[in-house]
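Line by line, the protein sequences give chains U and C.
Using UniProt numbering, read the first sequence as starting at 1 and increasing by one per residue.
Using UniProt numbering, read the second sequence as starting at 1 and increasing by one per residue.
Glycine is no exception: its CB is placed at the ideal position from the N, C-alpha and C atoms.
Since the structure comes first, as structure tokens, the remarks are kept for the end.
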Amino acid sequence: MPWGEFKDTAAERRLFQRRALVMLTVVVLALGGLMARMYQLQIVENDTYTTLSDKNRVQVQSVPPPRGLIYDRNGELLAENRPVFSVTVVPERVEGMDETLSELEGIINVSDQDLERFERRLHEPRRPYQEIPLRYDLTEEEIAKLAVHRHELPGVEVKAELVRYYPHSVLTSHVLGYVGRINREELQNIDAVNYAGTNYIGKSGIEKFYEKTLHGKVGYQHVETNARGRILRVLERENPVPGEDLQLQLDLRLQKKAYELLDGRRGAVVAIEPKTGGILALASVPGFDTNKFVTGISVDDYRELRESKDKPLFNRALRGQYPPGSTLKPMLAVAALDSGATTRTKKIWDPGYFQLNDTGRRYRDWKRWGHGWVDLKKAIAQSCDTYFYGVAVDMGVDTMSGYLSSFGFGEDATLDVSGALSGLLPSREWKRAARKEPWYPGDSVNLGIGQGFMLATPLQLATATALIANRGQWVEPRLLKDVLGDDPVNKVLPPETHEPLKLKNPSDWEYVVDSMAEVMEGAHGTARRAAQGAPYRMAGKTGTAQVYSLEEDEEYDANEIRERLRDHALFVGFAPVDDPKIVVSVIVENGGSGSGTAAPVARAMFDTWLLDLKHGEDSGKVSMANTTGAN
Amino acid sequence: MALKDLMDSGSANPLGRPRSIWTTLHLDPVLLILLLLLICSGLFVLYSGADRNIEVVKAQGIRMTIAFVVMLVFAQLDPAVFRRWAPWLYVVGLIALAAVLVAGVGAKGAQRWLAIPGLPRFQPSELMKLVVPMMAAWYLSRHYLPPRFSHVVVGLGIVLLPMGMIIEQPDLGTSLLVGLAGIFVVFFAGMSWKLISAVFALVSVSAPLMWFFVMRDYQKQRVLTLLDPQSDPLGAGWNIIQSKTAIGSGGLEGKGWLLGTQSHLEFLPESHTDFIVAVLAEEFGFIGMALLLTTYFLIILRCLYIAATAQDSFSRLVAGALTMTFFIYVFVNVGMVSGLLPVVGVPLPLISYGGTSSVTLMAAFGVLMSIHTHRRMLAA
């Protein structure tokens, strides 16, 4: 066998060298090809890849603006922002959601409720790479534990977030409303750019109405992140513009008083400053803890609130639509005088009932034996139904409806009260459209004492009463007192729209006010007991609204009717009579009689405002001076 | 011609010039300098690619030292030793590969390692990168060259048997390198162009069949990913998108050492192993890549020169094949990282972090130095 050198001919060597030359050519071409590739990527397409590389590492993050704070008229803080540490998960960055969640459960305490809420949000539409909170309010210890394990948990972050907190949440629940996580529907309507970093939005009340003012303007920061999305440094930052702080007309002390007065009952109290329309108190009892709603209420808690017989979520002051009953009589009196349906001197004989004609149905007065000879003043002071039955028929539905509309019934006359309902102001047209029936004279009879179809909210009753207190000057109810920022109040507060109610004889106002004072002061005034011993004069009107309608000639006996079927007790009034500082409307559901239950509540509100809070002497100056105190 | 002079320096002169110190040490200074240059700059890139982890650099330094010693040892052996041992090593290698298939250990679903008690764990397929070309060269150089058809068939059989066993592990990258090393031997031996064309034709015809009957799903996926990385940008396409981004964003001069954002911010996967060239490209730019590829080219050029001037056919065939294997490493790795070739596990030679392939590579350079420095005085 020839080995190596023995057969190593020149031919073999030349053969190899030729082949080596071929391979060298291949190498040159291949390495040249790689160089060409590098030239293509690094020189020709450099811009593209530089952009890609920057997009990789630099991310624009939105910085949510801190939400504006809310104060009461004395500078008492009603809504603030508190830092809350929460653990969040970015699903896009997680390696195995189930493993991550079970590992987290081993580190921190995660309740079934948290998990359930998390799962729900996981399946809701959201922005890509938006984190989903798993648990809020981490303790220091839990934060530390998470920090230790954080390298094992990609996509899991501990975030400090400013979360809305209501220090007086139950007292202010129906005024401020609350903020909550932005939901599917809201996501479609908000300015996506400005809300890029925001997780919360006003859901109701002031928080909803002044959402734009409270929210502020989003800021941005360019951050460098690694592939796992962890921020390494901030490259550039544009600070957010914080939301503007709001000061409300509300007086927390008066508000608190209202809740105390109705404690254990169901009802509403609205107090308005007649000069300004400022809502001093707006209580719907029971209230609820709005803080539970901010980070997402659990299903159980929500069910409990929703299914409670006392309906704490129901805002009775704005949305409770009740038959106004006799509290409507002062407004009807104004209408009757101005329309000429009656005069100050006209008297009628009240036998205890009213009949449209001799054989017709008897419309009963609350006083079985009648009031005897009754003029308008007495009809108001003693709440004579028979007088108003007749006046109502004389005026007719069109006149009544027209005047009542001027008092703000049948519309939401508020400027900035979110969710206020309009009640129901019946008219010929309404009845034809809604009931497919003509307006019967009997309907007018019922309307004459605020029963029948008519519905009004406590806020509407207070508004209408304020119009009387102001002798025809309109003041739309409003919650906002001041913007503690750049915007002037009138820029964010909607414009006033109502014309004053001008009477042919303006002294009719004083006549009606006197009649209402008679309710409180007169020897037979229905609310005389509630007014006893007051160092100031007050005007008012009691009312009861039937929950349970009585048949003709049927006797009403409160004791025999179960508590929930008892009449609602109503009262509207203002004080002092000559220079009104406060208008109050009260409804106590199933409270029985207006004079016995509702009027004392109003009296206590008057006392608190005029005596305890000293608005009796010179309210204008006091309220201004107090605005910056107690902050 | 300057290049010619450069290439000639240090080669032994059979015609009586005094033996240089390099010949005595059995080292080739040109190759040595180029390799040291490559290894040292490689450590700098590794420091960056490993995100400033000095431990990684130290470990690699130790491995490179071991590899260097292996090279020195191989350089001292006479090529005749390799030729004598080739058949035996080949048989041992085949047995070891069979053992791997039966009882190998490994990770990620592939069995590559053989753990024999009392011996360090080793990868028989690495050994075969050297043994297969030696065996093929041993067989072919026993006959007159160019080889006859039957010799070519046997020669290809010698190559394809171990290659097939490595594919079974499965280790596509290594089987490719082993197979090509052997096939280069057959090519250098003078396999006729007709036959080469025929084989090429056969491969082109069988490629679609391979797709359906031989390739595994993950291998197909790699090919598909190469064609359209955007089809799965966060999954299979991620590596290739990120490495192209790293390379492309490097521009002409690069972002500077340790300043590559793609690698340091962890966007680039495997930045200190298979994808390290992307780190170099990002931080040193087109200029850095040009220098790197030039260094590789000079090493290949020097090695081909050594092969072309070798004294016997066995040495020529082995030297040529090992050189071309080295080239394949470079081409496949850079081609894969820059998105020209599918992702196969081939490291960037002498720079990527990892021990086994570096040792094999340096052993191959030892063989080349041995061939260059063990020259016989021929009977004229």
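Buried or exposed: residue i, going by 16 or more other Cβ atoms within 10 Å of its Cβ?
i, result
"A281/U", "buried"
"V91/C", "exposed"
"D5/C", "With a pLDDT of only 47 at D5/C, under 50, the local geometry of the prediction cannot be trusted, and the value read off the model is given with reservation. Under this definition D5/C is an exposed residue."
"residue 384/C", "Summary: the structure shown does not reach residue 384/C, with chain C confined to residues 1 through 380, and so no result is reported for it."
"N53/C", "exposed"
"R222/C", "buried"
"K220/C", "exposed"
"Q532/U", "exposed"
"I204/C", "This sequence places Ser at residue 204/C; Ile is not what is there. It counts as exposed."
"M289/C", "buried"
"P323/U", "buried"
"G540/U", "buried"
"V132/C", "buried"
"E552/U", "Bear in mind that a pLDDT of 47 at E552/U, under 50, signals an unreliable position, so the model cannot answer this."
"residue 644/U", "Nothing about residue 644/U can be read from this structure; chain U reaches only from 1 to 631."
"Y210/U", "buried"
"E260/U", "exposed"
"V475/U", "buried"
"P495/U", "exposed"
"I231/U", "exposed"
"Q169/C", "buried"
"K614/U", "exposed"
If contacts are defined as beta-carbon pairs under 8 Å, then residue i and residue j qualify, I think. What distance do you get, rounded to the angstrom?
i, j, result
"H151/C", "L140/C", "6 Å"
"P240/U", "G219/U", "3 Å"
"A189/C", "P146/C", "7 Å"
"L484/U", "E244/U", "7 Å"
"V94/U", "P154/U", "7 Å"
"H143/C", "S370/C", "No, H143/C and S370/C are not in contact; Cβ-Cβ is about 24 Å, not under 8 Å."
"L34/U", "V334/C", "5 Å"
"G320/C", "A20/U", "6 Å"
"L350/C", "G42/C", "6 Å"
"P64/U", "G197/U", "4 Å"
"R528/U", "V577/U", "Rounded, the Cβ-Cβ distance is 15 Å, inconsistent with contact."
Whose C-alpha, out of the options, is nearest the C-alpha of residue i?
i, options, result
"T465/U", "D443/U, A517/U, E521/U", "A517/U"
"P237/U", "E224/U, W349/U, G278/U", "Here residue 237/U turns out to be Arg, not Pro, going by the sequence shown. Minimum Cα distance to R237/U is reached at E224/U."
"R82/U", "N46/U, Y136/U, A144/U, T100/U", "Y136/U"
"L467/U", "F574/U, S102/U, Y302/U", "F574/U"
"H123/U", "G423/U, V90/U, M38/U", "V90/U"
"I272/U", "L404/U, T463/U, P154/U", "T463/U"
"G594/U", "D612/U, R566/U, L613/U", "R566/U"
"A381/U", "A333/U, L424/U, R361/U, G390/U", "A333/U"
"R361/U", "R316/U, N446/U, K431/U", "N446/U"
"P458/U", "V588/U, V519/U, Y403/U", "V588/U"
"R57/U", "F284/C, Q242/C, P146/C, V343/C", "Q242/C"
"A317/U", "I206/U, S53/U, A283/U", "A283/U"
"I279/U", "A227/U, M395/U, A413/U", "A413/U"
"S357/C", "H26/C, L317/C, F326/C", "F326/C"
"K367/U", "S515/U, H524/U, L162/U", "H524/U"
"R84/C", "I167/C, A136/C, L114/C, A246/C", "A136/C"
"F68/C", "R375/C, V367/C, T373/C, H374/C", "V367/C"
"M331/U", "Q59/U, M38/U, Y403/U", "Y403/U"
Which runs of the alpha helix (DSSP H) at least 4 residues long sit entirely within the segment 378-409 of chain U? Give them in chain order.
Listed in chain order, they are 385-406.
Threshold first: 3 residues or longer. Then list the beta strand (DSSP E) segments lying entirely within the segment 138-182 of chain C, N to C.
none
In chain order, which alpha helix (DSSP H) runs of at least 4 residues are fully inside the segment 274-336 of chain C?
276-308
Scan the segment 41-120 of chain C and note each continuous beta strand (DSSP E) run of 3 residues or more that stays entirely inside, going in chain order.
105-107, 110-113
Tell me, please, whether the segment 175-194 of chain U touches the segment 142-153 of chain U by the rule of three or more beta-carbon pairs shorter than 8 Å.
Between the segment 175-194 of chain U and the segment 142-153 of chain U there are fewer than three C-beta pairs closer than 8 Å, too few to call the two in contact.
Does the segment 332-349 of chain U come close enough to the segment 371-379 of chain U to have 3 or more Cβ pairs within less than 8 Å?
yes
Taking 8 Å as the cut-off, does the segment 382-392 of chain U touch the segment 344-364 of chain U (at least 3 CB pairs, one atom from each stretch)?
yes
Ignoring anything shorter than 4 residues, give me the alpha helix (DSSP H) runs that lie fully in the segment 202-240 of chain C, in order along the chain.
217-227
Jot down the residue ranges of each uninterrupted beta strand (DSSP E) in the segment 220-287 of chain U, minimum 3 residues, whole runs only, in chain order.
231-238, 245-248, 267-273, 278-285
Determine, using beta-carbon pairs with one atom in the segment 289-306 of chain C and one in the segment 83-100 of chain C, whether at least three such pairs fall under 8 Å.
no
Are there three or more Cβ pairs, one per stretch, closer than 8 Å when the segment 258-276 of chain C is compared with the segment 37-55 of chain C?
yes
Please specify which runs of the alpha helix (DSSP H), each continuous and at least 4 residues long, are wholly inside the segment 165-195 of chain U, giving them in chain order.
List check, alpha helix (DSSP H) in window: 169-176, 184-189.
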